[in-house]
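Just so you know, full-length UniProt numbering puts 819 at position 819 of the sequence shown, and the rest follows in order with no gaps. No residue lacks a Cβ here, since even glycine has one placed at the ideal position from N, Cα and C. Below is one structure; the comments refer to it alone.
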Amino acid sequence: MNMITFFIVGLLVHVVFFISIFDIYFTSPLVHGMSPQHVPLPSPAKRLVLFVADGLRADSMFTPNINRTSRTPYLRSVIEESGSWGVSHTRVPTESRPGHVALIAGFYEDVSAVAKGWKENPVEFDSVFNESRYTWCWGSPDILPMFAKGASGDHVYTHTYPAAMEDFASKDASKLDTWVFDQVKDFFRSAKENQTLLSQLREDKIVFFLHLLGIDTNGHAHRPMSKEYLDNIGLVDGGVAEIVSVLEEFFGNDERTAYVFTADHGMTNWGSHGASHPSETLTPLVVWGAGVQRAQRTATFQNHDNDDYVRDWGLETYRRIDVNQADIAPLMSSLIGVPIPLNSVGVLPLEYLNNSQHFKAESMYANAVQILEQFKVKMMQKKETTLSFLFTPFQPLTDSKMTEFMSHTRSLIQKGRFDEAIPQCEVLIDQAMQGLSYYHTYDRLFLGCSVVLGFIGWTSYVVLVILKTHASLRKPPASRDTMAARRVGRVFLCVGLLVSLFLFLQASSFTYYIYCLLPVAVWYGVLKEFGILVDLIRSVPSLRLIRCFGYFVLATFGLELLVVSFFYRAMLTLGLIALALWPVLSGLYRKSKSRSVSWVLSCLCLAVFPLLPVVGREPNTNYVLCAGAITLFASFPYIFSRRHMGLHTKDRWLFIGQMLQVALCTYVLLSTHSSLQLKQGLPLFNQLVSWLSLASSFFVPLLSSTRLFYRLLSILMSLFCVYLLLSTGYEAMFPPVLSWLMFVWIHMEQETVDAHRMSSRNELSRIDFAENIDLSRIRQLSLDDIRRSYFFVFFIIVAFFGTGNIASINSFDPASVYCFLTVFNPFIMGGLLMWKVLIPFIIVMCTFESVQVSTRLSSRSLFLIVLVISDLMALHFFFLVKDYGSWLDIGTSISHYVIVMTMTIFLMLLSVMTHILTSNKLQIGQKVKVHFK
């Protein structure tokens with residue numbers, strides 16, 4: 001198999017492994033075909049108003065000001081006099097779309113929606129809006145359309161402002177909320193003169209939804225402790241009071257309106273959200289109006305989940321009723337008398353209702369049957385796709401038990417024993433929820449075993465490829481090898497046909513065939529090389545077993561260090577300190593003391609970064625200024641020193657231009673942040689420079705000399721210009737320090753290859769990336785090459801987690817992209833932040849390319865070892881994936897596997913990109929000639 005074929009096959013295999021995690025863990029929980037459940041009693045409210053203050057933290061709303069006055073006087077009065085309150089507990093990811101889906105549809109959306117930026121519906125779902133007679137919505141174009149699109153018929157009306165209004169650099173983001181309040185007031189004024197609209201508004205089962213984005217936008221731009229954020233909360237409180245007054249006046253104070261005020265998610269102190277910190281998952285909930293329990297006093301202090309800071313709220317004497325975010329959907333449905341959304345997994349919080357026990361029992365019964373309907377559909381789907389003798393039903397809820405449950409509960413309600421019926425419904429809901437989880441994960445073990453077999457088979461195949469092409473093993477006779485391959489082929493063909501027949505009989509989906517047949521194919525590739533396996537076993541006695549065992553122990557320890565570093569970034573610091581000792585332990589210190597000292601210092605400097613906070617830092621442009629100055633100072637000797645007098649004049653001017661670009665980008669970053677602080681917006685000149693710098697970073701390095709250090713310097717300076725523009729604090733120092741260590745690594749590796757050369761430095765300065773490597777000088781692999789590959793993987797992990805750029809979803813900070821745009825656009829912002837994450841990757845990849853060239857080793861050889869190391873890590877994380885515990889534990893375990901698999905695929909793609917960056921030269925007016933080794 002040639003290199004290109006192997007690359008394509010390897011890429012496809014890893015894409016399958018990557019996608020498998022979504023089929024195993026991220027499949028949509030939604031099912032269709034259920035019947036809506038109606039409560040046979042009149043509802044307490046004709047209409048409901050839902051206020052969602054996007055990005056509002058519970059403590060920001062409930063905590064009084066310094067002078068002990070409330071920043072939300074109207075809602076505070078509701079809590080103390082006329083309504084019920086509590087904390088709504090959200091789930092990760094704490095983003096706007098999943099939060100609104102949980103609030104309005106009653107289920108926690110899976111991560112498959114991220115592929116559409118949480119704007120479009122990956123699967124159509126039911127919602128309170130869809131079940132209503134009419135719904136009118138006002139707010140963001142990012143949220144409202146998805147509920148209108150998912151509704152049947154034409155009864156959900158949306159009114160959105162232009163997307164350009166969602167500007168993080170806006171002088172006053174609260175205008176987003178003012179727009180909503182003004183539009184609602186205009187709507188009711190115009191309704192008085194529109195008989196058609198007026199008749200619609202007089203109907204029952206009406207919903208009004210006000211999405212208020214100003215708080216979230218101000219939080220991102222100015223942080224939640226800022227005056228802008230806190231003032232916006234007061235503005236929203238005043239707007240809510242005004243809207244309530246307008247509605248009560250319009251409907252003649254008929255006391256048939258229910259109000260719900262809540263938030264989709266909170267926000268960290270540094271203005272981000274997405275993870276599971278209490279500041280993100282604890283949101284306020286205030287409910288009042290028709291059918292809602294009025295404020296109740298309590299004599300005991302209520303401390304939910306050890307929230308010590310609730311003592312500062314001053315609400316300890318008022319009954320607090322906490323809910324899960326999905327519980328709000330059945331609460332709203334119950335208040336206006338519409339069926340609970342078909343896909344809802346929320347449980348009706350009865351404590352919020354002010355109604356008869358009969359109504360509560362009927363509502364809970366409808367809730368239980370609605371969830372049980374989902375369970376039945378899930379069970380039937382799984383039963384239809386599983387052979388009857390292999391199907392194992394969920395024992396607590398067999399058909400007979402479900403019938404018994406429902407008839408007994410209905411009998412209790414008919415006999416008026418409501419207090420007994422309600423606990424029965426709660427038990428049924430709990431059992432049905434467990435059953436939903438059981439059938440949702442029914443095939444997880446089967447698919448997981450298939451993927452693990454594929455993983456082990458693929459890794460074994462790569463090891464065999466390494467041994468076959470780069471180790472001195474005796475090759476078996478071709479005839480014997482061909483005969484063995486044919487026999488193995490027949491066996492695996494039969495196995496593949498049996499697996500396909502089994503999947504066909506089970507009516508399995510197309511992806512199941514891929515996951516189950518892939519192990520058959522890769523293990524065929526392994527076992528057809530049976531001769532090499534036999535020869536390897538025979539050669540074991542001739543190996544230096546003690547040295548091999550030592551390498552095995554070190555490799556195991558090193559691999560575990562990489563795995564643990566995903567959980568504890570400080571382990572990278574420990575690893576870098578250990579790496580600093582390498583010249584001493586290997587004896588290189590005696591050969592080159594100056595470079596060894598430089599290696600130790602660069603390792604120790606880089607070791608500081610994993611100890612710094614991932615998120616939570618305030619923007620500090622002084623670090624960015626310092627990083628720009630260091631880059632200019634470090635690059636100066638490479639361009640103007642006597643040792644580099646041989647540098648071509650054209651190349652020298654190119655480097656001078658790049659140095660000026662670094663200085664300009666530093667100025668643009670400082671100027672942009674200064675302008676935004678003064679609320680003067682993003683200057684057009686700064687925006688143009690930023691986008692031009694990004695575009696030029698892809699081709700400017702191709703104009704430079706292909707000699708090793710000059711090309712690397714050009715690449716680093718181009719990338720660093722973009723990184724500067726995307727930095728807000730200490731992370732701007734990371735690329736210069738990382739580049740320092742990478743340059744030293746190239747020198748050190750050259751020392752390990754040939755200690756007898758008079759001046760490896762001079763030879764390195766003469767190495768040209770564009771030269772064709774003399775194949776006769778490419779050597780066999782040695783144990784030292786395993787160390788080089790491990791160093792590379794370790795440096796990739798350091799580049800990945802060194803500043804915590806992608807340690808969690810929570811690390812997203814819109815301030816990082818303000819030099820490019822300030823208007824909210826998730827795809828462009830996400831793309832820029834991903835490029836920021838990839839820049840340290842490319843630095844390490846280019847260095848690894850240089851190591852391959854300078855050590856005269858085929859790039860394929862080292863990369864195959866890297867592939868084995870990364871695949872072993874991915875397999876390790878696959879076993880660590882869990883579907884129990886907290887949502888943070890579940891999400892973290894899955895994200896680690898996804899990160900490693902993404903990294904492996906990225907490395908395969910970046911290896912091609914970095915080869916083009918290092919080895920090709922662009923001549924103005926000529927086409928680029930791409931060379932591959």
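Along the chain, where does the beta strand (DSSP E) that runs through residue i open and close?
i	result
Cys721	Where Cys721 is concerned, there is no enclosing beta strand (DSSP E), although the alpha helix (DSSP H) it sits in stretches over Leu708 to Leu725.
Pro285	The question names Pro, yet the displayed sequence has Leu at residue 285. Per DSSP, Leu285 belongs to the beta strand (DSSP E) from Leu282 to Gly289.
Arg788	Where Arg788 is concerned, there is no enclosing beta strand (DSSP E), although the alpha helix (DSSP H) it sits in stretches over Leu783 to Phe801.
His440	Run containing His440: none in the beta strand (DSSP E); it sits in the alpha helix (DSSP H), Phe418 to His440.
Cys137	Tyr134 to Gly139
Tyr512	Looking at the DSSP string, Tyr512 is not in any beta strand (DSSP E); the run it does join, the alpha helix (DSSP H), is Phe510 to Leu527.
Val260	Thr257 to Thr262
Ala53	Arg47 to Ala53
Thr158	Val156 to Thr160
Would the C-beta of residue i count as close to the ligand GDP, meaning under 7 Å from any of its heavy atoms?
i	result
Ser460	As far as ligands go, the structure on display features none, and thus does not contain the ligand GDP.
Just to confirm before moving on: does the CB-CB distance between residue i and residue j stay below 8 Å?
i	j	result
Val287	Val244	no
Asn686	Ser674	no
Thr666	Leu724	yes
Tyr790	Ile869	yes
Ser718	Asp651	no
Pro278	His38	no
Val793	Leu585	no
Thr257	Ala295	no
Ile797	Leu572	yes
Leu880	Ser893	yes
Phe418	His358	yes
Phe391	Lys383	yes
Taking residue i as part of the alpha helix (DSSP H), name the residues at either end of that continuous run.
i	result
Pro330	Ile328 to Ile336
Val128	Val128 to Glu131
Tyr667	Thr649 to Gln677
Leu838	Pro826 to Ser854
Ala607	That residue, Ala607, is in no alpha helix (DSSP H); it is neither H nor E in DSSP.
residue 934	Here the chain has residues from 1 to 933 only, and residue 934 is not among them.
residue 936	The structure shown does not extend to residue 936, since the chain is modelled only from 1 through 933, so no value can be given for it.
Quick check: the Cα distance between residue i and residue j, rounded to an integer number of angstroms?
i	j	result
Pro393	Phe375	12 Å
Leu712	Asn620	29 Å
Ser850	Ile746	7 Å
Ala815	Glu228	16 Å
Pro224	Asp177	17 Å
Thr914	Val844	10 Å
Asn343	Met402	19 Å
residue 941	Leu212	In this structure the chain extends from 1 to 933, so residue 941 is not present and cannot be described.
Ala329	Thr398	28 Å
Leu210	Phe51	5 Å
Val463	Gly489	20 Å
His220	Ala53	14 Å
Val31	Phe800	38 Å
Ile4	Trp835	26 Å
Asn194	Ser693	55 Å
Pro349	Glu248	26 Å
Pro735	Val912	21 Å
Leu235	Gln183	16 Å
Leu428	Arg444	25 Å
Evaluate residue i with the Cβ neighbour count: other Cβ atoms within 10 Å of its Cβ, from every protein chain shown; 16 or more gives buried, anything less gives exposed.
i	result
Cys516	buried
Tyr74	buried
Asn622	exposed
Ile577	exposed
Gly454	buried
Ser400	exposed
Gln680	exposed
Trp653	exposed
Open item on the list: Extract the residue ranges of the beta strand (DSSP E) inside the stretch 178-230, only unbroken runs of 3 or more that lie entirely within it.
Closed with: For the stretch 178-230, whole beta strand (DSSP E) runs of length 3 or above, ordered along the chain, are 206-212.
TODO: Report the residue ranges of all beta strand (DSSP E) runs contained in full by the stretch 71-96; include only those spanning at least 3 residues, in chain order.
DONE: Within the stretch 71-96, the beta strand (DSSP E) runs of at least 3 residues that lie entirely inside it are, in chain order, 83-89.
Open item on the list: Threshold first: 4 residues or longer. Then list the alpha helix (DSSP H) segments lying entirely within the stretch 347-404, N to C.
Closed with: If we require 4 residues or more, the alpha helix (DSSP H) runs fully inside the stretch 347-404 come out as 357-384.
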